[in-house]
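Read in my numbering, the sequence shown has 589 at position 537, and its numbers run on one by one without any break.
Cβ atoms here follow ideal geometry from the backbone N, Cα and C, with glycine treated the same way.
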Amino acid sequence: MTVTYLISAPPVRYYPERVDDDPGWLDEAGQTAVAAIARLTGRLVAPFSDQVTLWRVGRVSRRLARLDDDAFDVEILKLRTQIRRQGLTGSTIVAGLALTRETSFRELGMRQYREQILGALAMLRGRLIEMDTGEGKTITAGLAAATAAMAGLPVHVITVNNYLAERDADTLAPVNRRLGLQTSVILEDMKPPERREAYRAEITYGSNTEMAFDYLRDRMHFGPEGPRGLRQRLRRVTAAQDAQNQPVMRGLHFASVDEADSVLVDEARTPLIISHQTDPEEEAAWANRALKVARQLQDGRDYKLIRDERRINLTEAGKAHIARIVAEEDGIWKSAIRREEVITQALSVLHIFRSGDQYLVREEKVQIVDEYTGRLQPDRSWSDGLHQLVEAKEDVEVTGQNLAMARMTYQRLFRRYVKLAGMSGTVREVSGEMRSVYGLITRRIPPHRRSKLRYRMPRVYSRAATKWQKVAGIAARETEKGRAVLIGTRSVETSLIVSEVLEAHGLPHRVLNAENDYESAEVVAEAGQAGQITVATNMAGRGVDIVLGKGVGEAGGLHVILTERHDASRIDRQLAGRAGRRGEPGSVSVILSLEDPILKVIHAPVMRLLARIPVLGWSARLKLFDLAQKRAEKAHARARRELVRQDRRMNRLLSFTGGLE
Numbered sequence: 053m054t055v056t057y058l059i060s061a062p063p064v065r066y067y068p069e070r071v072d073d074d075p076g077w078l079d080e081a082g083q084t085a086v087a088a089i090a091r092l093t094g095r096l097v098a099p100f101s102d103q104v105t106l107w108r109v110g111r112v113s114r115r116l117a118r119l120d121d122d123a124f125d126v127e128i129l130k131l132r133t134q135i136r137r138q139g140l141t142g143s144t145i146v147a148g149l150a151l152t153r154e155t156s157f158r159e160l161g162m163r164q165y166r167e168q169i170l171g172a173l174a175m176l177r178g179r180l181i182e183m184d185t186g187e188g189k190t191i192t193a194g195l196a197a198a199t200a201a202m203a204g205l206p207v208h209v210i211t212v213n214n215y216l217a218e219r220d221a222d223t224l225a226p227v228n229r230r231l232g233l234q235t236s237v238i239l240e241d242m243k244p245p246e247r248r249e250a251y252r253a254e255i256t257y258g259s260n261t262e263m264a265f266d267y268l269r270d271r272m273h274f275g276p277e278g279p280r281g282l283r284q285r286l287r288r289v290t291a292a293q294d295a296q297n298q299p300v301m302r303g304l305h306f307a308s309v310d311e312a313d314s315v316l317v318d319e320a321r322t323p324l325i326i327s328h329q330t331d332p333e334e335e336a337a338w339a340n341r342a343l344k345v346a347r348q349l350q351d352g353r354d355y356k357l358i359r360d361e362r363r364i365n366l367t368e369a370g371k372a373h374i375a376r377i378v379a380e381e382d383g384i385w386k387s388a389i390r391r392e393e394v395i396t397q398a399l400s401v402l403h404i405f406r407s408g409d410q411y412l413v414r415e416e417k418v419q420i421v422d423e424y425t426g427r428l429q430p431d432r433s434w435s436d437g438l439h440q441l442v443e444a445k446e447d448v449e450v451t452g453q454n455l456a457m458a459r460m461t462y463q464r465l466f467r468r469y470v471k472l473a474g475m476s477g478t479v480r481e482v483s484g485e486m487r488s489v490y491g492l493i494t495r496r497i498p499p500h501r502r503s504k505l506r507y508r509m510p511r512v513y514s515r516a517a518t519k520w521q522k523v524a525g526i527a528a529r530e531t532e533k534g535r536a537v538l539i540g541t542r543s544v545e546t547s548l549i550v551s552e553v554l555e556a557h558g559l560p561h562r563v564l565n566a567e568n569d570y571e572s573a574e575v576v577a578e579a580g581q582a583g584q585i586t587v588a589t590n591m592a593g594r595g596v597d598i599v600l601g602k603g604v605g606e607a608g609g610l611h612v613i614l615t616e617r618h619d620a621s622r623i624d625r626q627l628a629g630r631a632g633r634r635g636e637p638g639s640v641s642v643i644l645s646l647e648d649p650i651l652k653v654i655h656a657p658v659m660r661l662l663a664r665i666p667v668l669g670w671s672a673r674l675k676l677f678d679l680a681q682k683r684a685e686k687a688h689a690r691a692r693r694e695l696v697r698q699d700r701r702m703n704r705l706l707s708f709t710g711g712l713e
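This is the structure in structure tokens:
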């Protein structure tokens with residue numbers, strides 16, 4: 053991969069970030085009013101303003117296209133100096149976009165079209181853009197990042213995983229290098245000195261996890277006063293500038309977030325914690341005891357299982373029962389609050405958490421499966437003893453519990469960027485949340501080519517076995533036509549079930565899930581070939597471009613079969629969006645059953661009865677799935693809002709006590 057690093061990092065004397073105030077109701081009302089005015093003004097003024105900007109960019113682009121390479125390099129130096137001197141203004145944004153566009157054509161053979169320029173322009177204005185899948189979000193982000201970097205802003209391009217960060221940095225490195233911009237990428241195995249050097253580049257790519265923990269470690273370096281504290285200012289003036297005593301980042305200047313709904317919404321429920329570990333033997337003792345106690349309790353009498361919120365509530369009878377069981381024991385069992393928390397967690401592990409769904413056991417270790425991307429997260433663990441309980445349940449070595457030394461939420465981190473922008477193919481469902489939490493206004497960018505993606509009539513069957521037979525039949529018919537087929541599932545377990553059904557029908561296929569993620573590049577490369585059937589979890593969703601093989605487009609393109617509804621409709625749209633990219637033909641089938649896991653979160657006895665009536669069957673069945681999905685989305689949204697409230701309460705408490713974050 054072509055990545056450039058600085059030879060030596062200068063000391064960080066200024067660490068900019070936005071002050072993350074805790075707004076009152078009047079401030080929030082004012083922000084809502086300002087956002088409403090901005091949206092109204094944007095609808096009235098933006099179309100005219102954008103057309104003027106596009107015309108100006110086109111005019112400069114045509115002038116640059118007439119230059120030979122030597123003259124073009126001279127023009128790069130001239131315009132870069134002008135942009136750096138004046139900052140991001142109307143004229144310098146036009147010059148930066150035109151310059152980057154022409155450089156992209158000369159280095160990559162790609163000249164961004166008008167819709168991509170509109171997207172980059174909106175991002176430079178601090179907007180969240182929605183572009184259809186396959187419309188070139190990577191190269192659009194490259195336009196905005198290079199223009200901002202030429203204006204002197206250190207840019208962080210944030211993606212959902214290390215693979216995409218490395219891929220995007222490698223793709224755009226030739227363009228940035230010719231523009232005189234250094235490009236770097238943050239990877240998980242980097243040491244602090246390497247990270248410090250990487251952040252000194254003008255454009256730094258990295259996953260949200262890597263960059264978030266780098267910032268949290270910097271906060272620990274600064275102490276409770278933060279980078280603006282008197283102690284830090286005195287240190288910058290009086291102390292020797294030892295490189296090892298420097299923060300890793302240069303501050304939070306400008307962030308461009310790819311797959312923004314995944315990073316800013318789906319990941320928002322995951323707190324960022326830097327911790328130290330407790331004694332594994334002690335953890336194993338209480339975890340095994342907790343599971344033993346939990347297995348003695350009865351549903352309905354001792355506890356209530358709330359499936360739609362994936363939550364368990366102990367009853368008063370259950371609390372008393374637990375107290376009797378552990379009456380003679382010491383330690384955590386003496387505290388009523390602590391023992392009830394532990395048993396509640398143990399019940400969740402027994403009745404809600406399943407191998408192949410929320411986690412996998414690999415190499416005798418419990419590894420979390422991201423429910424939104426389907427990828428393994430070996431460097432993560434659940435907090436509050438949950439991870440140890442899962443390890444005890446699976447009879448693997450119980451690790452020490454991570455006790456927090458410093459913590460932060462994604463919401464608080466990204467609100468601190470001086471300028472924040474983002475992009476995604478599926479963001480309109482959460483545009484209100486983006487505005488209220490991050491102050492981001494969503495802008496829809498029209499597709500360059502009209503979509504040819506076609507959705508077929510959804511089918512809902514009574515039994516899962518019937519559903520899988522229909523899925524196999526559709527896959528066989530479509531591949532006989534010379535098309536490629538992608539079958540999407542929610543979990544590793546379900547992908548293996550589909551694989552068994554396809555094998556029984558004699559249909560060759562490849563499986564992509566968290567168990568064989570090391571083969572993902574090879575599987576994706578073959579997924580668009582004629583006659584190829586690919587069974588995949590969400591790993592085949594975000595950031596995956598399935599290139600059609602010879603003759604596949606003429607046969608109808610990629611056919612996607614969605615076999616389950618996810619908790620968020622955005623994820624269904626992401627997976628469906630693997631077909632019909634860039635104006636190519638494609639189609640989507642939705643094949644469901646009344647035994648699907650998502651329906652377990654709701655009771656709805658009347659609707660379930662209607663779903664069994666032949667005349668009303670299809671309509672009632674689909675409404676049943678819509679109800680379950682909306683209920684799941686609302687439950688997740690409530691959890692995120694509660695996390696924001698808890699985060700603000702914690703911030704007030706720690707501000708009073710002088711603690712870290």
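Cβ of methionine 183 within 9 Å of Cβ of isoleucine 497? Yes, they are a contact pair.
Near valine 270, which residues of its chain fall below 7 Å by C-beta distance, leaving aside the five closest residues on each side in sequence? Contrary to the premise, residue 270 reads as aspartate rather than valine in this sequence. Excluding its 5 nearest sequence neighbours in each direction, aspartate 270 has C-beta neighbours in its own chain below 7 Å: Pro299, Val300 and Met301, listed in chain order.
Beta-carbon gap between glycine 722 and isoleucine 210 smaller than 9 Å: There is simply no residue 722 to check, as the chain begins at 53 and stops at 713 in what is shown.
So, for lysine 417: in the same chain, excluding its five sequence neighbours on each side, which residues have a beta-carbon less than 7 Å away from its beta-carbon? Result list for lysine 417: Val448, in chain order.
Contacts around glycine 603, its chain only, beta-carbon distance under 8 Å, and the 5 residues preceding and following it disregarded: Closer than 8 Å at Cβ, skipping near neighbours: Gly534 and Ala582.
Starting from serine 236, trace the beta strand (DSSP E) in both directions and tell me its first and last residue. Run containing serine 236: 235-237, per the beta strand (DSSP E) assignment.
Supposed close pair leucine 239, glutamate 218 - CB separation, criterion 8 Å: Their Cβ separation, rounded to whole angstroms, is 7 Å, which keeps leucine 239 and glutamate 218 in contact under 8 Å.
Classify aspartate 699: buried if its beta carbon has 16 or more other beta carbons within 10 angstroms, exposed otherwise. Classification of aspartate 699: buried, given that the 10 Å Cβ count is 16 or more.
Evaluate methionine 457 with the Cβ neighbour count: other Cβ atoms within 10 Å of its Cβ, from every protein chain shown; 16 or more gives buried, anything less gives exposed. The residue is exposed, with fewer than 16 neighbouring Cβ atoms inside 10 Å.
Just how far apart, CA to CA, sit glutamate 361 and histidine 403? Rounded to the nearest angstrom, the gap between the Cα atoms of glutamate 361 and histidine 403 is 13 Å.
Would the segment 157-166 count as touching the segment 437-447 if we require 3 or more Cβ pairs under 8 Å? Touching, no, given that fewer than three Cβ pairs across the two stretches are closer than 8 Å.
Report the rounded CA-to-CA distance for lysine 675 versus valine 512, giving the unit in angstroms. Straight-line Cα distance between these residues: approximately 11 Å.
In the DSSP assignment, find the unbroken alpha helix (DSSP H) run with alanine 225 in it and report its ends. Counting along the chain, the alpha helix (DSSP H) containing alanine 225 begins and ends at 214-230.
Spatial neighbours of alanine 292 within its chain, please: C-beta separation below 7 Å, excluding the five flanking residues on both sides. Confidence at alanine 292 is low in this model, with a pLDDT of 48, below 50, so its placement is unreliable and no value can be given for it.
So arginine 480 and threonine 494 are supposed to be a Cβ contact under 8 Å. How far apart are they, rounded? Sure, about 7 Å apart at Cβ, within 8 Å.
Simplified DSSP assignment, three categories, for glycine 303: Coil.
Pull up the distance between the alpha-carbon of glutamate 532 and that of valine 523, whole angstroms please. Taking the straight line from one Cα to the other gives about 14 Å.
Taking one C-beta from the segment 477-491 and one from the segment 352-361 each time, how about it: are there three or more such pairs within less than 8 Å? Taking 8 Å as the limit for Cβ pairs, the verdict is that the segment 352-361 does not touch the segment 477-491.
Can you tell me where the alpha helix (DSSP H) holding proline 244 begins and where it ends? Where proline 244 is concerned, the enclosing alpha helix (DSSP H) stretches over 244-251.
Which same chain residues, not among the five before or five after histidine 618, have their C-beta less than 7 Å away from its C-beta? Cβ neighbours of histidine 618 within its own chain (closer than 7 Å, five residues either side excluded): Arg542 and Asp624.
Span of the beta strand (DSSP E), counted from its first residue to its last, around threonine 211: Boundaries of the beta strand (DSSP E) around threonine 211: 207-211.
Looking only at DSSP bridge pairs, what is aspartate 122 linked to? Bridge pairing for aspartate 122: absent [DSSP].
Runs of 3 residues minimum, wholly inside the segment 538-567: which ones carry the beta strand (DSSP E) assignment? Whole beta strand (DSSP E) segments, 3+ residues: 562-564.
Apart from the five residues on each side of it in sequence, which residues of its chain come closer than 8 Å, Cβ to Cβ, to methionine 175? These residues qualify, in order along the chain: Ile181, Thr192, Ala193, Ala196, Ser308, Ala473, Gly474 and Met475.
Quick one, which of Arg515, Glu636, Gly629 and Ala527 has its alpha-carbon nearest leucine 651's? The candidate whose alpha carbon is nearest that of leucine 651 is Arg515.
Under DSSP, the beta strand (DSSP E) around glutamate 182 begins and ends at which residues? 180-182 is the span of the beta strand (DSSP E), which, as asked, contains glutamate 182.
Segments assigned beta strand (DSSP E), at least 3 residues, entirely inside the segment 309-358: For secondary structure counted as the beta strand (DSSP E) over 3 or more consecutive residues, the segment 309-358 holds these complete runs in sequence order: 324-329 and 355-358.
With DSSP as the reference, please indicate the residues paired to isoleucine 255 in a beta bridge. Partner(s): Val207 and Thr235.
Segment contact, 8 Å Cβ cut-off, at least three pairs: the segment 198-209 with the segment 250-267: When C-beta atoms of the segment 198-209 are compared with those of the segment 250-267, three or more pairs fall below 8 Å, so the two segments count as touching.
Would you kindly report the start and end of the unbroken beta strand (DSSP E) that includes alanine 174? Annotation: alanine 174 is outside any beta strand (DSSP E); the continuous alpha helix (DSSP H) that includes it extends over 166-176.
Under the three-state DSSP convention, the category aspartate 699 falls into: For aspartate 699, the secondary structure class from DSSP, reduced to helix, strand or coil, is helix.
Could you please give me the residues that DSSP links to threonine 494 through a beta bridge? Answer by DSSP bridge pairing, in chain order: Leu180.
Cβ shell of proline 62 (< 6 Å), same chain only, five flanking positions each side left out: The predicted model places proline 62 with a pLDDT of 49, which falls under 50 and marks its position as unreliable; any figure quoted below should be read in that light. Around proline 62: no qualifying Cβ.
Exposure of histidine 305, with buried meaning 16 or more beta-carbon neighbours within 10 Å: Classification of histidine 305: buried, given that the 10 Å Cβ count is 16 or more.
Bounding residues of the beta strand (DSSP E) (the contiguous stretch that carries arginine 511): Here the beta strand (DSSP E) through arginine 511 covers 511-513.
Inter-residue spacing [alpha-carbon to alpha-carbon] between phenylalanine 100 and leucine 106: Rounded to the nearest angstrom, the two C-alpha atoms are 10 Å apart.
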